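Chains as they are written, first to last, in the UniProt record's numbering: chain A, 1 to 369; chain B, 1 to 369. Even for Gly, the Cβ is constructed at its ideal location relative to N, Cα and C. None of the values given here were measured: they were computed from a predicted structure. Since the structure comes first, as structure tokens, the remarks are kept for the end.
Protein chains: 2
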Amino acid sequence: MRRSAPTSQDVARLAGVSQSTVSYVLTGSRPISPATRRRVEDAIEKLGYHPNSGARALRSRRSGVIGLMVPEAYGSDAVLMRFVGAVAREAQRFGYDILLVTAQEGARGIHRVVRTGVCEALILMEIGRHDERVAAVVESGLPFVLIGKPVDFPNGSVVDLDFERLGRMVVDRGLELGCENLLLFGEPGHRRHRNDVSRFLLGVEEQSRSTGLNVVLDAGDLPEVPRRARDLAASGGRTAVFGLSGVTEVLFAIAATGALEEPGLQVIALTDEDLAAISPLLATVPRVDPRRVEISERAVRELVRLLREEGATPRVTLVEPEWVQGGASRGSGVGGGGAGGHGSDGTAIEAGGAAEDSGADGTGEIGET
Amino acid sequence: MRRSAPTSQDVARLAGVSQSTVSYVLTGSRPISPATRRRVEDAIEKLGYHPNSGARALRSRRSGVIGLMVPEAYGSDAVLMRFVGAVAREAQRFGYDILLVTAQEGARGIHRVVRTGVCEALILMEIGRHDERVAAVVESGLPFVLIGKPVDFPNGSVVDLDFERLGRMVVDRGLELGCENLLLFGEPGHRRHRNDVSRFLLGVEEQSRSTGLNVVLDAGDLPEVPRRARDLAASGGRTAVFGLSGVTEVLFAIAATGALEEPGLQVIALTDEDLAAISPLLATVPRVDPRRVEISERAVRELVRLLREEGATPRVTLVEPEWVQGGASRGSGVGGGGAGGHGSDGTAIEAGGAAEDSGADGTGEIGET
DNA sequence: CTGAAAGCGCTTACAG
DNA sequence: CTGAAAGCGCTTACAG
Numbered sequence: 001m002r003r004s005a006p007t008s009q010d011v012a013r014l015a016g017v018s019q020s021t022v023s024y025v026l027t028g029s030r031p032i033s034p035a036t037r038r039r040v041e042d043a044i045e046k047l048g049y050h051p052n053s054g055a056r057a058l059r060s061r062r063s064g065v066i067g068l069m070v071p072e073a074y075g076s077d078a079v080l081m082r083f084v085g086a087v088a089r090e091a092q093r094f095g096y097d098i099l100l101v102t103a104q105e106g107a108r109g110i111h112r113v114v115r116t117g118v119c120e121a122l123i124l125m126e127i128g129r130h131d132e133r134v135a136a137v138v139e140s141g142l143p144f145v146l147i148g149k150p151v152d153f154p155n156g157s158v159v160d161l162d163f164e165r166l167g168r169m170v171v172d173r174g175l176e177l178g179c180e181n182l183l184l185f186g187e188p189g190h191r192r193h194r195n196d197v198s199r200f201l202l203g204v205e206e207q208s209r210s211t212g213l214n215v216v217l218d219a220g221d222l223p224e225v226p227r228r229a230r231d232l233a234a235s236g237g238r239t240a241v242f243g244l245s246g247v248t249e250v251l252f253a254i255a256a257t258g259a260l261e262e263p264g265l266q267v268i269a270l271t272d273e274d275l276a277a278i279s280p281l282l283a284t285v286p287r288v289d290p291r292r293v294e295i296s297e298r299a300v301r302e303l304v305r306l307l308r309e310e311g312a313t314p315r316v317t318l319v320e321p322e323w324v325q326g327g328a329s330r331g332s333g334v335g336g337g338g339a340g341g342h343g344s345d346g347t348a349i350e351a352g353g354a355a356e357d358s359g360a361d362g363t364g365e366i367g368e369t
Numbered sequence: 001m002r003r004s005a006p007t008s009q010d011v012a013r014l015a016g017v018s019q020s021t022v023s024y025v026l027t028g029s030r031p032i033s034p035a036t037r038r039r040v041e042d043a044i045e046k047l048g049y050h051p052n053s054g055a056r057a058l059r060s061r062r063s064g065v066i067g068l069m070v071p072e073a074y075g076s077d078a079v080l081m082r083f084v085g086a087v088a089r090e091a092q093r094f095g096y097d098i099l100l101v102t103a104q105e106g107a108r109g110i111h112r113v114v115r116t117g118v119c120e121a122l123i124l125m126e127i128g129r130h131d132e133r134v135a136a137v138v139e140s141g142l143p144f145v146l147i148g149k150p151v152d153f154p155n156g157s158v159v160d161l162d163f164e165r166l167g168r169m170v171v172d173r174g175l176e177l178g179c180e181n182l183l184l185f186g187e188p189g190h191r192r193h194r195n196d197v198s199r200f201l202l203g204v205e206e207q208s209r210s211t212g213l214n215v216v217l218d219a220g221d222l223p224e225v226p227r228r229a230r231d232l233a234a235s236g237g238r239t240a241v242f243g244l245s246g247v248t249e250v251l252f253a254i255a256a257t258g259a260l261e262e263p264g265l266q267v268i269a270l271t272d273e274d275l276a277a278i279s280p281l282l283a284t285v286p287r288v289d290p291r292r293v294e295i296s297e298r299a300v301r302e303l304v305r306l307l308r309e310e311g312a313t314p315r316v317t318l319v320e321p322e323w324v325q326g327g328a329s330r331g332s333g334v335g336g337g338g339a340g341g342h343g344s345d346g347t348a349i350e351a352g353g354a355a356e357d358s359g360a361d362g363t364g365e366i367g368e369t
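Structural data, given as structure tokens:
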């Protein structure tokens with residue numbers, strides 16, 4: 001039943017060439033005549049040959065495997081799998097496999113996969129403000145990308161949603177919709193220590209200060225949100241309701257039932273398009289897409305760039321949130337300029353030598369060199 | 001910055017032994033004197049040595065990597081990540097890493113990871129009724145485990161929730177709560193083709209037939225569920241409401257807002273404990289835990305058994321759903337006997353040589369030999 | 001209880 | 001444009 005897999009030796013024999021020629025056809029590191037190439041490719045096809053990954057890794061020091069360090073699941077982790085799936089698919093496109101490393105393993109996990117050589121590059125998710133893993137991955141010397149931008153990060157590639165801009169966008173949209181208040185739920189206050197939340201709040205506070213929108217954090221536990229919203233609207237005027245974090249999507253099922261469908265309330269949703277499809281009523285409110293698939297794919301492509309481009313330097317890419325419904329597309333429809341700290345022309349603003357690109361198309365750009 | 005990792009040669013030199021002795025200490029495949037072992041271990045510690053995975057895999061044909069074939073994300077995939085995370089953590093415990101293979105790759109993906117030798121075993125999720133991957137994985141000769149039991153499966157290890165029993169449990173609980181109707185949502189009708197749904201419906205139909213509970217499928221789209229439930233209760237009497245699939249958890253946020261809190265309605269929730277924590281009101285309804293972490297862990301342990309036990313035969317393990325709230329624990333509180341097709345004493349009922357264990361503790365058992 | 005040596009299947013200088 | 005050969009770092013018979 002389990003015959004051992006064919007080797008390049010078998011392919012060479014069948015094609016009538018040397019074993020090294022088979023290897024050269026595969027790696028492309030030497031010109032091969034069309035006729036020879038053809039014979040080798042036919043033999044490969046006929047035998048169903050795949051190069052042994054252990055031998056290849058041992059010899060070339062390239063395993064073809066990217067380590068993905070995933071955070072411990074917390075609350076509703078629908079969000080997490082969206083990243084993981086997209087990373088795996090995009091890596092596949094470039095011929096890489098994804099190996100899971102759990103956050104639980106910490107810096108030791110990074111050392112392990114580096115030392116064993118099982119991974120030739122790493123993607124880390126949800127880096128905290130003072131995270132031992134950053135030092136570990138930098139020290140490892142392997143190419144790496146962070147999904148999720150720490151507030152302060154010395155040098156290295158990052159791909160993340162532009163949360164600060166998201167904050168400004170939500171404030172602007174609330175104003176545009178004639179609201180006097182913005183009620184935030186999903187515990188943004190409690191989770192201020194999280195990089196994404198703190199950056200989001202930075203944007204909200206900045207933009208609300210300059211525009212006069214009244215912002216209320218901490219709407220309380222989930223079931224209390226509708227009541228808090230109604231109270232706020234009754235006492236303080238028209239109120240926009242917005243929730244951050246993975247909890248949001250669950251919460252919007254609430255909105256979908258009509259609990260928040262009242263004249264004085266205006267829901268703004270942060271949700272993936274396909275999740276929106278679950279609840280038809282979500283189609284009626286302005287939605288902003290957190291672009292998780294886009295971010296995951298860009299993270300992989302950035303890593304591939306670092307792996308394949310000689311002397312490539314790390315890059316910070318902030319992807320713009322995108323209005324899907326109830327606003328201009330591309331995220332640039334509302335107060336695009338704002339009081340933002342980064343330009344829209346590719347200005348480098350990061351310390352430590354990393355360049356931040358924010359292309360004219362509303363997302364950071366990764367240049368091909 | 002990136003000095004190359006130390007080798008077993010380096011360890012041997014430092015410990016003053018031969019390179020093979022280092023290897024024997026690591027593999028444990030030969031008795032080593034305590035003194036020598038000690039010196040080797042110290043050297044390993046001092047150098048931070050980890051054996052090169054490529055070399056090890058090349059020589060031993062054991063990569064230490066388990067492939068996990070994950071389904072394409074659909075709808076709310078919170079559920080998926082719960083499996084993936086638990087599988088990764090449990091594999092870690094046994095010294096294995098998890099490599100993601102996307103369902104998108106299909107049978108070709110299985111051939112690839114088998115032929116390259118990158119995986120030495122496989123876990124497959126969400127096998128369909130006629131799935132090309134089953135033939136591929138059987139033919140590969142690698143040890144494998146399915147998470148999710150196809151209705152008909154020839155021979156091989158399976159770990160899954162006992163969906164048939166879940167069906168019976170829900171019917172019994174509904175009756176116990178004085179209901180005359182059971183409204184099922186989460187599109188159980190449309191998704192009848194899915195293995196889990198069809199097995200669940202089998203249990204529901206069987207038990208409702210023998211008890212006279214009126215079962216209604218297809219409660220419609222999410223937002224319509226509360227109205228349908230109220231209508232049913234008004235015309236037909238007290239109604240239990242139960243939803244299958246990942247959508248359930250989102251839906252229960254609806255219940256949590258009180259949309260289903262009416263005298264004639266009785267919500268029964270299928271949800272992980274930690275998700276229940278999001279919504280305090282969930283604590284007030286009977287909940288049944290789909291035991292995803294338990295299933296994932298058992299899948300890994302079953303695979304480890306196949307990998308390490310000489311001549312181990314595949315085994316089918318059905319994990320019992322567990323009442324968490326509003327019922328006896330351990331799932332055996334309600335109609336434990338039922339009209340079920342499997343005993344509670346470890347009787348083998350599967351065709352094709354696979355044995356089904358259903359231990360007295362309410363879950364299938366994996367014996368250590 | 002330990003060592004010297006072969007060899008897993010590749011990639012890549014070295015040669016022609 | 002192609003081949004013969006070294007060697008990546010292990011594991012595991014073969015020897016003592």
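Within 8 Å (strictly less), CB to CB, does residue i reach chain B?
i, result
"isoleucine 98 of chain A", "yes"
"serine 344 of chain A", "A caution first: serine 344 of chain A carries a pLDDT of 36, below 50, which makes its placement in the model unreliable, though a value can still be read off. Not one chain B Cβ lies under 8 Å of serine 344 of chain A."
"alanine 5 of chain A", "yes"
"serine 63 of chain A", "yes"
"valine 84 of chain A", "yes"
"residue 373 of chain A", "This structure cannot settle anything about residue 373 of chain A, because the visible part of chain A is limited to 1 through 369."
"alanine 43 of chain A", "no"
Roughly how far, in whole angstroms, is the beta-carbon of residue i from the beta-carbon of residue j, given that I think they are within contact range, below 8 Å?
i, j, result
"glutamate 72 of chain B", "glutamine 92 of chain B", "Actually they are not in contact, since the Cβ atoms of glutamate 72 of chain B and glutamine 92 of chain B sit about 25 Å apart, beyond 8 Å."
"valine 79 of chain B", "arginine 292 of chain B", "7 Å"
"residue 370 of chain B", "leucine 182 of chain B", "Coverage of chain B is limited to positions 1 through 369, which leaves residue 370 of chain B absent and any answer about it impossible."
"serine 63 of chain B", "glycine 117 of chain B", "6 Å"
"arginine 37 of chain B", "valine 25 of chain B", "6 Å"
"valine 215 of chain B", "leucine 232 of chain B", "Between leucine 232 of chain B and valine 215 of chain B the Cβ distance is about 11 Å, and since that is not below 8 Å, they are no contact."
"valine 11 of chain B", "alanine 43 of chain B", "5 Å"
Say whether chain A places a C-beta atom closer than 8 Å to the C-beta of residue i.
i, result
"glutamate 294 of chain B", "no"
"histidine 130 of chain B", "no"
"glycine 48 of chain B", "yes"
"glycine 117 of chain B", "yes"
"methionine 125 of chain B", "no"
"glutamine 104 of chain B", "yes"
"histidine 193 of chain B", "no"
"serine 332 of chain B", "Low confidence applies to serine 332 of chain B: its pLDDT is 36, below 50, so where it sits in the model is not reliable, and the reading given next is rough at best. Serine 332 of chain B does not count as touching chain A."
"residue 373 of chain B", "This structure cannot speak to residue 373 of chain B, because chain B is shown only from 1 to 369."
"valine 158 of chain B", "no"
"serine 235 of chain B", "no"
Is residue i buried or exposed, if buried means 16 or more other CB atoms sit within 10 Å of its CB?
i, result
"proline 150 of chain B", "buried"
"alanine 269 of chain B", "buried"
"threonine 313 of chain B", "exposed"
"residue 385 of chain A", "Look at the range of chain A in this structure, 1 to 369, and you will see that residue 385 of chain A is not part of it."
"arginine 30 of chain A", "exposed"
If you run the structure through DSSP and keep just helix, strand and coil, what is residue i?
i, result
"valine 181 of chain A", "With the sequence shown as reference, residue 181 of chain A is identified as asparagine, and valine is not the correct amino acid for it. Strand."
"isoleucine 98 of chain B", "strand"
"valine 170 of chain A", "helix"
"aspartate 272 of chain A", "coil"
"glycine 54 of chain A", "helix"
"aspartate 221 of chain A", "coil"
Among the options, whose alpha-carbon lies nearest the alpha-carbon of residue i?
i, options, result
"glutamate 322 of chain A", "A:Ser296, A:Arg230, A:Pro286 and A:Gly95", "A:Pro286"
"arginine 133 of chain A", "A:Asn155, A:Ile147, A:Gly109 and A:Arg115", "A:Gly109"
"isoleucine 127 of chain B", "B:Val158, B:Arg115 and B:Cys119", "B:Val158"
"serine 210 of chain B", "B:Arg168, B:Ser8, B:Met81 and B:Gly48", "B:Arg168"
"leucine 213 of chain A", "A:Ala5, A:Gly237, A:Arg199 and A:Ile123", "A:Gly237"
"leucine 177 of chain A", "A:Arg230, A:Gly264 and A:Gly106", "A:Gly264"
"glutamate 120 of chain A", "A:Arg56, A:Phe153 and A:Met81", "A:Arg56"
"serine 53 of chain B", "A:Asn52, A:Lys46, A:Leu58 and A:Tyr49", "A:Leu58"
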